[in-house]
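All residue numbers for the sequence shown refer to the UniProt record's numbering, where the first residue is 1 and numbers rise by one.
Ideal placement from N, C-alpha and C gives every residue a C-beta, glycine not left out.
The structure displayed is predicted, hence computed values, not measured ones.
Everything below concerns the one structure shown next.
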Amino acid sequence: MALERAASYKTMKEALNQVRKQELSKVCSEVFNPTGRVKRQRTTDSHHAQVHANFLPEEPCKAIRDHPGTNNFSKAVLDLLDVTDSPGLTDLNPLDIPYPSGRKIFFCSRTHSQLNQLAVELRKLSFQSGEHDTDDYGVKEPPRYVALASRKNLCINTSVSHLPLEELNEACLGLQETKTPSEKRCKYLTKDDTKVKQFRDNILASVRDIEELAALGTEFQICPYYSARSALPASEIVSMPYPLLLNKTARESLGIDLLGNVVIIDEAHNLVDAINVLFSASVTLSQIRLCQKHVELYLETYSRKLGGTNRTHIRQLSTVLAGMRSILESRRPQGEVSLAEILRKGADSVNINDLVNYLTHSKLARKVDGFQSSKRSGDGNSTLSTKQKTTPILTLVQRFINCLANTTSEGCLLMQRLDADEVALKYMLLDPANAFSDIVKQSHSVILAGGTMQPTDDITSLLFPLDSNKLRLFSYGHVIPKENLVAVILPKGPNGVNFNFNFDNRYETGMLRDLGTAILNFATIVPDGMVIFFPSYEYLDFVLSFWKSSGQMLLFTKKKSVFVETKEQTVEKILAGYCLAIHSGEGGILLAVIGGKMSEGINFSDSLGRAVFIIGLPFPNTRQPDWHARLNYIESKQTMFHKTRGATVAEALQHGKAASKQHYENVAMRAVNQSIGRAIRHEHDFAMIYLLDQRYSQVQLRSKLPAWIQNCLMPDTVGFGQAIKEQANAVSLEAQQLASKTSLKREGLDLYSRFALAGALCCSITHGGLTPVDVVKTRIQLEPEVYNKGMIGGFRQVIAKEGAGALLTGFGPTAAGYFLQGGFKFGGYELFKKLIIDQIGVENAVQNRTAVYLGASAVAEFFADVALCPLEATRIRLVSQPTFANGLVGGAGRIFREEGLGAFYAGFGPILFKQVPYTMTKFVVFEKASETIFSSMGTPKSQMSSGTVTSINLASGLIAGIAAAIISQPADTLLSKVNKTPKAPGQSTASLLMQIAGKTGISGLFGGIGARIVMVGTLTSGQFGIYGSLKETFGATGGIEIQRVD
């Protein structure tokens, strides 16, 4: 066995190393996705007959048994193939290389970004021993990692990938059906084992995140959603979103075997809710009416063509739909509903489990949907464009009926009013233990992880009711020093009004006015950013409306810019404006919602969150039927549990009520803790936490705060005045020094003169240092017939002909000219960028930042060229005519005496023509490159070391320099020639440029491009590296950034 494993590992290692070799040697890859149109077929009687046959459901198991190539499968195997979400009989053939398989880690998290963060961290891993030996290149092997994701993230078929998830799933399955014309089936599903093996090996050869996996699928022209599964047996770490792990059917479909493996669930404070949502379903009255209409019309049309079994089941479906509709139209009060009530008129004839099996195997939902589509189109064509695919209405209803088949004491049926015109039936899972038990039983170990999971007692009792003796709890303190955080409970406002934001008191105007006064006081002394969390969107809207009408909102905006989280606006847009306001020195107030989009996965580190305010407590509304049912279930379950343990009835009831109350409080406090945790993100961070509600003074609620907050919690006797004083003296001397460094915002001439000096020095140093390269480049451009031996040969020719000193010709005007130009260019770029942002507004600037970069750099370069042009004219004359004069002063004096002041600006047009596109390209590419690199690092820019930031600046500068060199090369050649070529009497500069360009030709305009790429790429990289370091040295920290890097 050991020998077999060693052999298979050797085979795998050779294959993966071969892939790594190819990746190292690959320079670029071109992906071409051919598309085409299918001609419409002429409708014939036989075609109509086939169309109607497509709409008829097959008798149970007939579709499977009659499918070609399935004679060797048992019915049980075929049934399993039919219900799993896979290409079915077009599934990939087994791969014949037996790669080794050991214990795996299955990592699960809630969001796409959190899963991609795992890939970032895995790339940092370095193995010292074991299977991961050093490969042939001396590089440690990475872990074998596979990222599983939904179709929405991995579909590369552009004809359907743009669809919403539900519609995409339906369209994808439709493209696999045997009755779909071959030319319309998905071309990315393949049976080519060689292609699948190559794809698998490329996945395992390096750590790829979800986007990179999709790109690899495009490169290989193979479906990454299905084909990634081929890499699972040999993988070591597999990541996936919650639904793929928690749903047993999804696990079976993907081929995920948890037996003996490790499961890690990140952000586990969401786990109970995620399970409950996954195994719950709802359907509205309007959906039921529409579904009933479709089914009845279908049954009426095909009644004579349907077999007996089909007819019976469809009539049973109609009975269930009628029962559901009757309950929702009854205008009864909200509350629980029984299955018997739904089946009141057909209890003897309907077996819900049989009906569910029938709907699954017959695929009736798609048949009815295809029939309705053909009715709408009017041509009887069932093969509509995949762009028109939507989730069949019967599919939505079928999900709810599936839940009816599983109704137990662990769930309940509810009728719930959504608004004045709509009601819904909802099946709600109340107890997640059974749904989670398969994962617990099969896995070697299950790890629930999260930064703000406390309180955990109800999570453990709900998920592990019978395994409490096996549980191990590990809790770790925060990385920050204790003195970097102060938490304060504020039971009263500045005017002594009690803060009690419960459902009965939260709309009191006096309390809202005092809340506004409190926020205004804090906005005066809190530096940078304040984040204020409210219990709900509705309450936030109400408070905002009150503050606007009272005039307090206007006062807020005079202190800091105000940003509001809404259900409609994207997180990116809100955060972009907020971050820009902070970095520009204006300061910001962000009004957000506990449990909303800003309360999880967002880092309000450093200046983005110097103070976090929690307004009230986000207790669920127990008047809502779903929460009423959930709390009643927990109470009754715990009461029964303690009865079986020998408690008296009174004691058992007391335990039940206590458990229900504890769950109710824990749900609210976990949401609070999650919001608080947005502020402290690294060991040097610091912040103030304010809990504005007198209920936080209650011991049972205060004890549910994380230990690292409780340790920093001030006595609840602190009044508002003392809290303000503590805000001013909250942090230690070290933290105050950090605050001073972070918050220092220079302005006006003081700031932009520092930018200018940093830019002047970086350009003077880099251009002056590259004077020898520029001398050779200029000679090649001006005398290509003489200097025709390339860059290295050019150096030798100049030294042989004129001596080594000739390589420094023009150093004086170069250093002086680019000192002036650099000051105007970099200082002007920062200044004009701010002026443009001030004019168009922060949000517009972030959304159109490329245009901002282009405009600021173009204007800055114009003024820089006014300063540069005389010195550049002198430099070029000295380099092109070595005997013209001795140095900068002599050369400039001779030009002025012999040709006049205008001669210094003879090349102004060409300089603009060269430098403006060059500078625009340089700054835009640098900003984009650095933004991309910073965003991919997985660490906020503010937390990176200065060495790391400088390295990124150098790399981004190199990319920008190469791009800028190519864009500006023709103008550079013309500039070199125009300063050497005298004008004819009365000839304009434009005419001279046209004359030179025509004589030089396209190839001549790009003469010396290799040397210039070396020169410009090097000096641009050096410029940005030096500029970034000098800005920090000179204290130029108040610049405005609109990159999305934090």
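Chain-order list of residues whose beta-carbon lies under 6 Å from that of residue i (same chain, five-residue window excluded)
i: Ala965; result: Arg1012, Ile1013 and Val1016
i: Tyr358; result: His313
i: Tyr145; result: Leu122, Val207 and Ile237
i: His663; result: Asp458 and Ile634
i: Ile709; result: Ala487
i: Ile614; result: Phe533, Val672 and Leu691
i: Met530; result: Ile589 and Ala611
i: Val859; result: Phe832
i: Ala629; result: Cys412
i: Val262; result: Ile105, His444 and Ser445
i: Arg754; result: Phe1034 and Ala1036
Selection from the options that minimises the alpha carbon distance to residue i
i: Leu168; options: Tyr225, Leu213 and Gln114; result: Tyr225
i: residue 1077; options: Leu246, Glu14 and Phe934; result: Beyond the ends of the chain as shown, which are 1 and 1046, falls residue 1077; an answer cannot be given.
i: Ala864; options: Val440, Gln839, Gly891 and Gly759; result: Gly759
i: Glu600; options: Thr809, Gln114 and Pro620; result: Gln114
i: Ala1004; options: Thr778, Ile837, Leu854 and Thr1033; result: Position check: residue 1004 holds Gly in this sequence, whereas Ala was assumed. Measuring from the Cα of Gly1004, the nearest candidate turns out to be Thr778.
i: Asn153; options: Pro143, Gln176, Asp209 and Leu175; result: Asp209
i: Ser605; options: Ile594, His583, Gln316 and Thr1000; result: His583
i: Ser561; options: Gln569, Val320, Asn621 and Cys579; result: Cys579
i: Lys928; options: Thr850, Gly769 and Arg304; result: Thr850
i: Pro465; options: Lys363, Asp431, Pro494 and Pro625; result: Asp431
i: Gly595; options: Gly609, Thr566, Gly585 and Ala576; result: Thr566
i: Phe371; options: Ile439, Thr360 and Tyr298; result: Tyr298
i: Arg702; options: Ala659, Pro455 and Tyr787; result: Pro455
i: Ile724; options: Gly1035, Leu271, Ala756 and Ile689; result: Ile689
i: Tyr696; options: Gln674, Ala668 and Gly721; result: Ala668
Same chain, Cβ closer than 8 Å to residue i, five either side skipped, listed in chain order
i: Tyr188; result: Ile156, Asn157, Gly217, Gln221, Ile222 and Cys223
i: Leu396; result: Val283, Gln287 and Cys291
i: Tyr752; result: Gly827, Glu830 and Leu831
i: Ser330; result: none
i: Arg796; result: Lys789
i: Arg325; result: Leu285, Ile288, Arg289 and Gln292
i: Glu14; result: none
i: Pro772; result: Phe795, Leu807 and Leu808
Neighbourhood of residue i by C-beta distance below 7 Å, restricted to the same chain and skipping five residues each side
i: Ile393; result: Gln287, Leu290, Cys291 and His294
i: Ser1021; result: Leu954, Gly957, Leu958 and Gly961
i: Gly1028; result: Val949, Thr950 and Asn953
i: Val564; result: Leu544 and Leu591
i: Leu16; result: Asp201, Leu204 and Ala205
i: Val19; result: Asp201, Asn202 and Ala205
i: Gln198; result: Phe220
Cβ-Cβ separation, residue j to residue i (assumed contact under 8 Å), whole Å
i: Ala147; j: Ser239; result: 5 Å
i: Gly1025; j: Ala707; result: The pair is not a contact, with the Cβ atoms about 44 Å apart (cut-off 8 Å).
i: Leu912; j: Phe862; result: 7 Å
i: Leu807; j: Gly909; result: Actually they do not touch by this definition, with Cβ atoms about 29 Å apart.
i: Gly516; j: Ser550; result: 7 Å
i: Gln694; j: Asn498; result: 6 Å
Residues that residue i bridges to, as DSSP identifies them
i: Thr284; result: Ala424
i: Asn498; result: Lys492
i: Gly335; result: Met415
i: Cys108; result: Met240 and Ile265
i: Val446; result: Val263
i: Leu591; result: Ile532 and Val564
i: Val612; result: Val531 and Ile689
Proximity test, Cβ basis, 7 Å: residue i and chain C
i: Leu462; result: Among the protein chains of the structure shown there is no chain C, as only one such chain exists.
Going along the chain, which unbroken runs of the beta strand (DSSP E) with 3 or more residues stay wholly within the segment 905 to 950? Listed in chain order, nothing qualifies, since the segment 905 to 950 has no complete beta strand (DSSP E) run of 3 or more residues.
Completely contained alpha helix (DSSP H) runs for the UniProt repeat "Solcar" (948 to 1033), where each covers 4 or more residues: Qualifying alpha helix (DSSP H) stretches, in chain order: 989 to 1005.
Could you name each continuous alpha helix (DSSP H) segment of 4 residues or more that falls completely within the UniProt repeat "Solcar" (750 to 835), going from the start of the chain to the end? DSSP runs (the alpha helix (DSSP H)) wholly in the UniProt repeat "Solcar" (750 to 835): 771 to 782 and 790 to 802.
Start-end ranges of the beta strand (DSSP E) lying completely within the segment 496 to 567, minimum 3 residues: Qualifying beta strand (DSSP E) stretches, in chain order: 529 to 534 and 561 to 564.
I'd like the ranges of any alpha helix (DSSP H) spanning at least 4 consecutive residues and lying wholly in the segment 848 to 892. You should have 849 to 880.
Threshold first: 3 residues or longer. Then list the beta strand (DSSP E) segments lying entirely within the segment 642 to 726, N to C. DSSP runs (the beta strand (DSSP E)) wholly in the segment 642 to 726: 687 to 692.
Segments of 3+ residues assigned as beta strand (DSSP E) that fall wholly inside the segment 290 to 321: Correct list: empty.
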